[in-house]
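Visitor: For the sequence shown, our numbering assigns the number 239 to the initial residue and increments by one for each residue that follows. Built from N, CA and C at the ideal position, the CB exists for glycine as well. Here the structure is a predicted model, which is why all the values come from computation and not from measurement.
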Amino acid sequence: MNYCNGRTTTPYLQILTRDSVTVAVDAVVYYRVFDPLMSVINIVDASKSTHLLSQTTLRNDLGKKTLSEILTARDEITEHMQVTLDEGTDPWGVKVERVEIKDVRLPSQMQRAMAAEAEATREARAKVIASEGEQSASRALKEAADVIGGSPSAMQLRYLQTLTQISSEKNSTVIFPLPVDLLLKICGKR
239 MNYCNGRTTT PYLQILTRDS VTVAVDAVVY YRVFDPLMSV INIVDASKST
289 HLLSQTTLRN DLGKKTLSEI LTARDEITEH MQVTLDEGTD PWGVKVERVE
339 IKDVRLPSQM QRAMAAEAEA TREARAKVIA SEGEQSASRA LKEAADVIGG
389 SPSAMQLRYL QTLTQISSEK NSTVIFPLPV DLLLKICGKR
């Protein structure tokens with residue numbers, strides 16, 4: 239037997255994560271036979287045994303992780319798997335060089351639930367931002383009302399601005415909310 243490189247692909251394995259989510263995971267393991275004699279004497283079929291060990295290691299390692307950890311920490315998971323597999327295959331004359339998790343599939347029901355959760359989170363953030371904006375606008379309106387209420391000339395100016403705005407609209411009927419002479423009495427001028 240010559241020194242050779244090999245690759246084994248684990249088909250999609252159904253794995254139950256630590257947080258009880260079932261995921262289908264597909265991985266590939268790259269290995270090399272560094273001692274052909276050991277790979278024949280110590281094990282019946284080094285390639286098949288490496289394949290089976292990669293499946294059980296994948297299932298065991300991912301079963302200890304939450305879905306979030308699996309999705310965010312692939313590099314750490316594959317490094318740990320590589321070390322574990324390499325230790326397991328070393329007596330067989332096989333060196334595991336690299337492990338890659340190719341794909342993690344979630345059940346469609348879980349995908350919908352995650353999408354709904356993400357949408358709810360976005361909506362909640364939007365409501366918080368809108369609420370903060372309303373609070374800020376309310377404070378500004380209160381400050382403006384305090385300034386206008388404390389100054390009769392500011393009140394008259396605001397009244398005239400409102401009239402200008404109403405008159406600029408193309409309406410044929412204009413209703414004056416207060417008579418001018420009453421406004422002058424309120425403002426203290428006669």
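Which of the three DSSP states is assigned to E370 in this structure?
Guide: Taking the first residue of the sequence shown as 1, we reach residue 370 at position 132. Reduced to three states, the DSSP call for E370 is helix.
Visitor: Less than 7 Å between the C-beta atoms of Y268 and R245, yes or no?
Guide: Residue mapping note: residue 268 aligns to position 30 of the sequence shown, counting from 1. Residue mapping note: residue 245 aligns to position 7 of the sequence shown, counting from 1. Contact: yes.
Visitor: Given this structure, state the Cα-to-Cα distance separating A368 from A375, to the nearest angstrom.
Guide: As a first step, residue 368 is located in the sequence shown; it is residue number 130 there, counting from the start. As a first step, residue 375 is located in the sequence shown; it is residue number 137 there, counting from the start. One C-alpha to the other measures close to 10 Å.
Visitor: Between A351, L305 and T316, which has its C-alpha nearest R336's C-alpha?
Guide: By one-based count along the sequence shown, residue 336 stands at place 98. Residue T316 is the option with its Cα nearest to R336.
Visitor: Taking the alpha-carbon of R256 as reference, which of D264, G301, A382 and K286 has the nearest alpha-carbon?
Guide: By 1-based counting over the sequence shown, the position of residue 256 is 18. The shortest Cα separation from R256 among D264, G301, A382 and K286 belongs to G301.
Visitor: Comparing alpha-carbon positions, which option in I339, A392 and D324 lies nearest T310?
Guide: The count along the sequence shown starts at 1 and reaches residue 310 at position 72. Per the Cα distances, I339.
Visitor: Just the Cα atoms here: how many angstroms apart are Q320 and R377?
Guide: Numbered from 1 along the sequence shown, position 82 holds the residue referred to as residue 320. Numbered from 1 along the sequence shown, position 139 holds the residue referred to as residue 377. Straight-line Cα distance between these residues: approximately 60 Å.
Visitor: Tell me whether K303 is buried or exposed, calling it buried when 16 or more other Cβ atoms sit within 10 Å of its Cβ.
Guide: Residue numbering aside, residue 303 sits at position 65 when the sequence shown is read from its first letter. The residue is buried, with at least 16 neighbouring Cβ atoms inside 10 Å.
Visitor: How close, in whole Å, do the beta carbons of R270 and K333 come, if the pair is a contact with beta carbons under 8 Å?
Guide: Indexing the sequence shown from 1 puts residue 270 at position 32. Indexing the sequence shown from 1 puts residue 333 at position 95. With 8 Å as the limit, R270 and K333 qualify as a contact, their Cβ atoms being about 5 Å apart.
Visitor: Whole angstroms is fine: what's the gap from D328's alpha carbon to Q252's?
Guide: Counted from its first residue, the sequence shown places residue 328 at position 90. Counted from its first residue, the sequence shown places residue 252 at position 14. Distance between the alpha carbons of D328 and Q252 is about 27 Å.
Visitor: Does DSSP put V385 in a helix, in a strand, or in coil?
Guide: In the sequence shown, counting from the first residue as 1, residue 385 sits at position 147. Three-state DSSP puts V385 in a helix.
Visitor: What residue does the alpha helix (DSSP H) around V321 start on, and which one ends it?
Guide: Here residue 321 refers to the residue found at position 83 of the sequence shown. It spans R312 to T327 - the alpha helix (DSSP H) in which V321 sits, taken as one unbroken run.
Visitor: Run through DSSP, which three-state label would K340 get?
Guide: Here the question's residue 340 lines up with position 102 in the sequence shown. In the structure shown, K340 sits in a strand (DSSP, three-state: E or B).
Visitor: What would DSSP say about K333, mapped onto helix, strand or coil?
Guide: As a first step, residue 333 must be located in the sequence shown, where it is residue number 95. Three-state DSSP puts K333 in a strand.
Visitor: Roughly how many angstroms separate the alpha carbons of E381 and G371, rounded to a whole number?
Guide: Position 143 of the sequence shown, counted from the first residue, corresponds to residue 381. Position 133 of the sequence shown, counted from the first residue, corresponds to residue 371. So the alpha carbons of these two residues sit roughly 15 Å apart.
Visitor: Starting from R297, trace the alpha helix (DSSP H) both ways and give me its first and last residue.
Guide: Numbered from 1 along the sequence shown, position 59 holds the residue referred to as residue 297. Start and end: A284 to G301.
Visitor: Comparing C-alpha positions only, which one of T247, P274, P390 and G326 sits nearest to H289?
Guide: As a first step, residue 289 is located in the sequence shown; it is residue number 51 there, counting from the start. It is T247.
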